[in-house]
Amino acid sequence: MCLLWNLPKMSSRTWSLFWGSRFVKTPLQNGIGRYVQQLQRITLKFCKTHGGSQGMRDYIEKELIHFAKENPGVVVYVKPRRHRSPCLKAEYLNGGEEYISMHRLPADDIVRWMAYLRGRSGYPTDRIRKDQHTDHPSIQGPWTPWLHRDPQTNVAQYPNEDLSCVEVMGRSATEELREMFKKQKLVSSYKRSVES
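Here the numbering used here runs 74 ahead of the position in the sequence shown, where the first position is 1.
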C-alpha cells in the first residue's frame, strides 16, 4: 500500500530539499464567499482484461456512482486502455494535474485516493514556512512597546531616576466604566425617590 501518509519520517532539512517550502495560501481566497471545490475533473484509466486493473474495475462497478453523486461539481471520465497499467489523473481549477498509479491496488485504497484527491487544492505539497502570511505587510513595521515613546529615551543614560518612575496615566477604561455605573445608579435611585 503506497499512500502518502505512510512515507518514512524525514528531517525538516530533507523535507525542504525534497518538497520545498512556501507560505500558507488559499486558491483565489477560497472560503471567503463560499467554498469552491478545486478538483475539476478526474480520469480513471484502466485495462478491461489485465489483472493489475482488477481493483480499478471493482471500484468502477461498486463505488464510482456514489462518488459522482456526492461530487456533482467534479467531471468523471472512465477511459479503458488495452494492456496498460491503471492510473488516476486529477485536474484542478488552478491548472495543476496529478497522476497516481493504481497498479494492483484494491478498491478500498482507490476510495481513499479519490477522497485525498477530492480534498486537495492542486498546489504541490510543500513545507509551510509560517502559520500566517500577509501579501501586504505594514509599511510602518511591526508594533513594539517603544513605538509611541519619546525618542529621548533612546539616548538617555541609564540608570535614570526620571525614567525609572512609573508613568502616571489617565484613568483606565475600567475606572471610567465604574464611574459611569455609579452615576447611572445615583440617577436611577434619585428617580425612584422622586416618584415615590
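Even for Gly, the Cβ is constructed at its ideal location relative to N, Cα and C.
Note that the structure is a prediction, hence the values are computed from the model and not measured.
If you look at residue 141, you'll find it isn't in any beta strand (DSSP E); it sits in the alpha helix (DSSP H) that goes 138-144. Per the coordinates, the alpha-carbon of residue 137 lies some 54 angstroms from the alpha-carbon of residue 217. Proximity to residue 127 across 116, 115, 153 peaks at 153, based on C-alpha coordinates. By the criterion of at least three beta-carbon pairs nearer than 8 angstroms, the segment 152-167 is in contact with the segment 105-125. In this structure the segment 165-183 lies against the segment 191-207, because at least three pairs of beta carbons, one per stretch, are closer than 8 angstroms. Beta-bridge pairing by DSSP links residue 165 to 115, 171.
Between residue 114 and residue 149, the C-beta spacing is below 8 angstroms. A contact between stretches requires three or more CB pairs, one per stretch, nearer than 8 angstroms, and the segment 170-183 fails this requirement with the segment 217-227. Distance from the CA of residue 146 to the CA of residue 116, rounded to the nearest whole angstrom, comes to 12 angstroms. Note: residue 96 is bridge-paired with 202 in the DSSP secondary-structure output. The three-state reading of DSSP puts residue 148 in coil, since its state is none of H, G, I, E or B.
Rounded to whole angstroms, the Cβ separation of residue 108 and residue 203 is 28 angstroms, and the two are not in contact under 8 angstroms.
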